[in-house]
Structure formats: C-alpha cells, structure tokens
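Here the sequence shown stands for residues 265 to 614, numbered as in my numbering.
Here is the structure we will look at.
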Amino acid sequence: MFNVLLIDDEETVKRSLRKIIESKAPGFAVIGEAEDGAQGLERIGELRPDLVITDIRMPVMDGLELAQALRARGDAIELLIVSGHDQFQYARQALRFGVVDYLLKPLVPADVVAALGRTGDKIRLARQEALDINGWLIAQRSRIGHLAHAVWMLQEERSFGLLAELERDVPSPRGAENRTRPYMTALMMSLHAELARLAEGQWEPVQARAPLPGQADRTDWQGHVRELIDAFRSSRNFGVHHLVMKAVAYIDDRYTEETLSLSEIAEHVGVSPSHFSKCFKAELGVSYTDYLTELRMERAVRLLRDPSAKVYEVAQQVGYGDYSHFTKLFKKKYGFSPGQTRGLAGRSEE
C-alpha cells in the first residue's frame, strides 16, 4: 500500500483525485491534504507519504518550488504534478527536479490510474534496490557468527574473574602497579587482539571508545576492562542483531524454495521458532512471513517485466507452486493481476 498526500488550492481537484484513487487505485491510500506548497511541506514532514500529487500553480509556494525544496533537503518522496494545458512547459521544467510524472487538467480517471501505476512501479523498484543493497551488506557482516558472540561472553566472564583474583592478591594500593602490570598488559592485549580478530570491521568504533591504555594509564586497567565491555554492550545487541542478519541472508538465498519455513530458518540460526519470530519482528519491524512475501513479490515483478515470462513459471521461480495462491497474493498486494504487470511496465517505458 502506498500513502498519498494531495496538495492543491482547488477543493474540486482534490475531491476528484481522492475519488479516483479510492475507487480505481486499490494499491494507494490518501492520508492527507494541503492547500499550498508551504503547508504541503509541513504535512510531508508529519505524514511521510510515499507519493505527493501537487498542483503546479498555487499561492505561497507553487509545485515547482515544492519540488526544489524536497530535493534540497534530500527527501526521497515521489512527486506527481497536476498542470493545466497552458502550463505544460512549466510542468516539463519540473521534471528536472525529480518529478516522476504529470497529469493534465481536466483530470481523466484512466490517465490518473496509469500515472499511479507507473509511479507505484518506480517506488517498488526503489524499495527492491534498497533491499538488495541491505542484503549485500548483511551477507558481508554474516561472517561474524554465534561463535564470536559466545567468545565475547566468555571473555567477559574471564575478565571479571581475573579482576577479582588480582584484587585478592593485591589487598593494598602499595606496589599494586608493579604486581598487576604484567597481568593487566597481557589481559588488555589479549582482549583487544581477540575481539579485533573476531569482529574485524566492527571493532574500530568500539576500540575508539575504549582504546588500549598507555603506560601512564595502566593503574586504571580495571576500569578500562569494564569500559571496553560496556562499549560492546552498548554498541548493539549483537546476539539478536547477528541472528536476524544471518536469517535474512538465508532467506534471500532460499526464497525460491517453496518449502522454506520459519522452523527451518530458526534451526539454521540455532534458536526455537518462537524466539526467532520475536527477534525477527523486533529487529526489522516486520514478521518473517511478511518479509518473505514482500521479497517474493518484488522479485516476481522484476521477472514479469520480461514479455516472454509466463506467470505460472514466475510463480514457481519465486517459491509458489500454487499458481492461484501466488496470483491471489500478488493482486492483494499490488491491486492488479500478475499478467497486468506487463501492461504497466510497457506504459512506463512509453
């Protein structure tokens, strides 16, 4: 579902757009309205819509100025402008500022629906590219396994155990530095080296917060160990984070398998299905089922762009052996059937 904000100083235009969207574009929902570009800019910050449909000529701030303002502050929001015939060249100019499409007045429902289809296609592709990039990053980080987390926990226990032992051996401050220095130095170097080896690229931020103490600082080695461990703790909940990263990499690699299940993934990452489900939702904000369905649907859209692709073959390629189930899910998500995707793709290239 894509959220839409309408910006126009003419109530009749906004009513017309809302009616068309609500009756003919089930994949879109109007979440707000504004009277001009300035008010629209505020509403965009509040509502964070996926798409803004705006008139080109308005008081206070027009559509072109709005487009410039959004691009200047880096907002990744699609803009679709509405223009009168006499403003056509003005509308074309707005395309230079990232406006995805334009509509001419008086509005024709079929043209509005077609423009929404092209825009929705672009938003979906942008989301997929973001998923692809994120998946690549996750795959790179997935080298750090549960073993690293277990070792870090073991190091914590050993560190504090050694702290307690040394404190018992040195009951008074006198001579403490000389007696503890060899132990402290060995502990610090071992801890830093082991964590750096295990964490590799993720080590630098923690090391910057808790660097290896110099010779003059070594009497404060106990506090340093605690600072080092606290830095790891506060930098991220590594266990849960890694578990989910590993699961996502596994899903991205096997989403084409119809039998892929929550239990299989939970077993792969070494936790119970219920615990995995909770961790996944907490980390990514979506359920495992929703993530898998989103991934499969986005890949299906890409495959269906090939005019020679058969819908039932695409369904199988993205993990759906049941053609009718695939079609039902696809239409529920996008508002049109898999076969209609070719038509939308064709119009977007015209």
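Think of the CB as a built atom: it goes at the ideal place given N, C-alpha and C, for glycine as much as any other residue.
These numbers were taken from a predicted model, which means no experiment stands behind them.
Going by C-alpha positions, S527 is about 41 Å away from V377. Following the DSSP letters along the chain, one finds I285 inside the alpha helix (DSSP H) bounded by residues 275-288.
Taking C-beta atoms as the reference points, V582 and R566 fail to come closer than 7 Å.
The shortest CA-to-CA distance from L334 to any of I308, S347, K597, F590 is the one to I308.
Between the stretch 569-586 and the stretch 531-546 there are fewer than three inter-stretch CB-CB distances shorter than 8 Å, so the stretches are not counted as touching. Within the stretch 542-576, the complete alpha helix (DSSP H) segments of 4 residues or longer fall at 552-568, listed in chain order. Residue range 526-533 is occupied by the alpha helix (DSSP H) that includes V533. Collapsing the DSSP output to three states places I271 in a strand.
When secondary structure is reduced to three states using DSSP, I387 falls in the helix class.
The C-beta of A331 has 16 or more other C-beta atoms within 10 Å across all chains shown, which makes the residue buried.
Assigned with DSSP and collapsed to three states, L315 falls in strand.
C-alpha of A579 to C-alpha of L556: approximately 14 Å in a straight line. In this structure, the CA atom of D517 is about 11 Å from the CA atom of I529. Put simply, the stretch 316-325 touches the stretch 339-346. At least three CB pairs are less than 8 Å apart.
By the criterion of a C-beta distance shorter than 6 Å, E329 is surrounded in its chain by G301, once the five residues flanking it on both sides are discounted.
Between Y552 and H532, the C-beta spacing is not below 7 Å. When the beta-carbon positions are compared, L371 and S280 come within less than 7 Å of each other. Here A573 has L567 as same chain residues with Cβ atoms under 6 Å from its own Cβ, once five neighbours each way along the sequence are excluded. Excluding five sequence positions before and after S536, the CB atoms of its chain that fall closer than 8 Å to its own CB belong to A530, given in chain order.
L305 and E299 have their C-alpha atoms roughly 11 Å apart. Within the same chain, and ignoring the five residues on either side of M325 in sequence, the residues whose Cβ sits closer than 8 Å to its Cβ are D300, G301, A302, G304, L305, A333.
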